[in-house]
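The numbering of the sequence shown is the working numbering, which starts it at 382 and goes up by one.
Ideal placement from N, C-alpha and C gives every residue a C-beta, glycine not left out.
All values reported here derive from a predicted model rather than from experimental measurement.
Beneath this line is the structure, given in structure tokens, with notes to follow.
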Amino acid sequence: MTYVSDDPDNTYVNDPAWWPFLVWTRAYSNAAVVASVVVVYDWALTSGQEFELVWKQRLSLMNLLYISVRYVGILYAIISFLGNFFYSFQTWTPVVVNAMLAVIMTTRIYAMFQQSKPILIFLVIALLASTIASGVMLGIGNIGISGKEFVLSGYHICLVQIDTYRMNLNHEMVIPIAIWEILAFLLAVWIVILRFYEIRQSQSGSTIGDCFTMLIKSHALYFLAFATVACFNIGDLAPGLRHSTTVADDIYAGALRIARVLQMFVLGPRLILSIREYHSKLATRSDGGINMTAIAFQALRRRSTSSDMELDTIQSTNPV
């Protein structure tokens, strides 16, 4: 938990004025419990798919990204119970995880644009710019912060002391990431609209159309979750919310925490699982394990490919 003020002279405080803050803290902790349960439950729910579609496949960049996001999420959920004792880990995790998820989205869009190098270069430059900007803002926002344990009416609480300017930067660092996410979503929508006519006219139109539909649905759901988190973060800059301990503020803070976890550690890993499950079902229905890359994307160009480069969220040289 963070607060904006100077150190109290006495770390042992028994003042009723702090009681609303204690209620707020308890509600925020309950939200952490809910978010942690959701992450662990989703992991248990998809563990069978994970074993078949990730662990049994050959090592690749997408496998590493999936494992990193999934298990950092579980670690993040466990550490959230410990309050601010791992403040740096909790602060930097969203930046690192969102960067990894952005790499996944870049790979998907690159494949949707039929491996267009100009699109790949554009996406990589935009991603680097947004990630570096967010990292710099977060780094500046956490220079010189300190933590201290207080006993408030018998409750031991670790409070992080940070001034208003730095607290603002910690919330505003989501803006560069949001700009990249909006750009990526618009590109995905654009390519779906652009290829719609070709999909209907191609011989593999049904397969290609279903694949694009699945891609845009999963992308739209993830983008909606990210947009929700970004709006919550920006809304938290309002002084009325930051310094309030009302029930409405309790709900707002709890919703932000749950939404952030859902976006990063539930919908994030499903970006990979969804496309791999789709390809697995198509491969199961095929007789000879047809190369799904050629069916779903290269058919639009009506040419075969011998490329051994793996765009693992969208395609693989063998059926996933």
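Item: Name the one or two DSSP bridge partners that Gly649 has.; Value: In the DSSP output, where bridge partners are listed per residue, Gly649 has none listed.
Item: Whether or not the region 529-545 and the region 499-509 are in contact is what I'm after, with contact meaning three or more pairs of Cβ atoms, one per stretch, closer than 8 Å; do they touch?; Value: no
Item: Mind checking who Val404 pairs with in its DSSP beta bridge?; Value: Its beta-bridge partners do not exist; DSSP assigns none.
Item: Looking at the unbroken beta strand (DSSP E) that takes in Gln542, where does it start and where does it end?; Value: 536-542
Item: Identify, in the order they occur along the chain, each residue of the same chain with its Cβ nearer than 8 Å to the Cβ of Gly635, setting aside the five sequence neighbours on each side.; Value: Ala408, Tyr409, Asn411, Ala412, Val415
Item: Could you tell me whether the region 648-668 touches the region 596-603, using the rule of 3 or more Cβ pairs below 8 Å?; Value: yes
Item: Would you kindly work out how many angstroms separate the C-alpha atoms of Trp439 and Val610, rounded to a whole number?; Value: Trp is not the amino acid found at residue 439; the sequence shown has Arg there. Spanning the two alpha carbons is a distance of roughly 34 Å.
Item: Could I get the ranges of all uninterrupted alpha helix (DSSP H) runs contained in the region 475-510, with 4 residues as the minimum, in chain order?; Value: none
Item: Kindly identify the DSSP beta-bridge partner or partners of Leu440.; Value: None, per the DSSP bridge assignment.
Item: Do Val450 and Phe593 count as a contact pair if the criterion is CB distance below 8 Å?; Value: no
Item: Return the CA-CA distance between Gln471 and Ala492, expressed in angstroms with no decimal places.; Value: 33 Å
Item: Let's see if you can read the secondary structure: which residues bound the beta strand (DSSP E) around Leu533?; Value: 527-533
Item: For a quick check, are the C-beta atoms of Gly475 and Ala514 less than 8 Å apart?; Value: A small correction: the amino acid at residue 475 is Pro; Gly does not occupy that position in the sequence shown. Result no, Cβ atoms of Pro475 and Ala514 do not sit closer than 8 Å.
Item: Cβ atoms of Leu519 and Asn549: under 8 Å apart, would you say?; Value: no
Item: Given a cut-off of 8 Å, decide if Ile560 and Ser511 are closer than it, judged by their beta-carbon atoms.; Value: yes
Item: Please determine, among Ser441, Ile459, Leu403, the residue with the shortest C-alpha to C-alpha distance to Val421.; Value: Ile459
Item: In whole angstroms, give me the CA-to-CA distance for Val484 and Ile632.; Value: 32 Å
Item: I'd like to know whether the C-beta atoms of Glu553 and Phe604 end up nearer to each other than 8 Å.; Value: no
Item: Just the Cα atoms here: how many angstroms apart are Trp424 and Asp396?; Value: 42 Å
Item: Quick one, are the C-beta atoms of Tyr447 and Val435 less than 8 Å apart?; Value: yes
Item: Can you say whether Asp630 is buried or exposed, counting buried as having 16 or more other CB atoms within 10 angstroms of its CB?; Value: buried
Item: Out of curiosity, what's the CA-to-CA distance linking Ala544 and Lys437?; Value: Contrary to the premise, residue 544 reads as Asp rather than Ala in this sequence. Whole-angstrom Cα-Cα distance: 49 Å.
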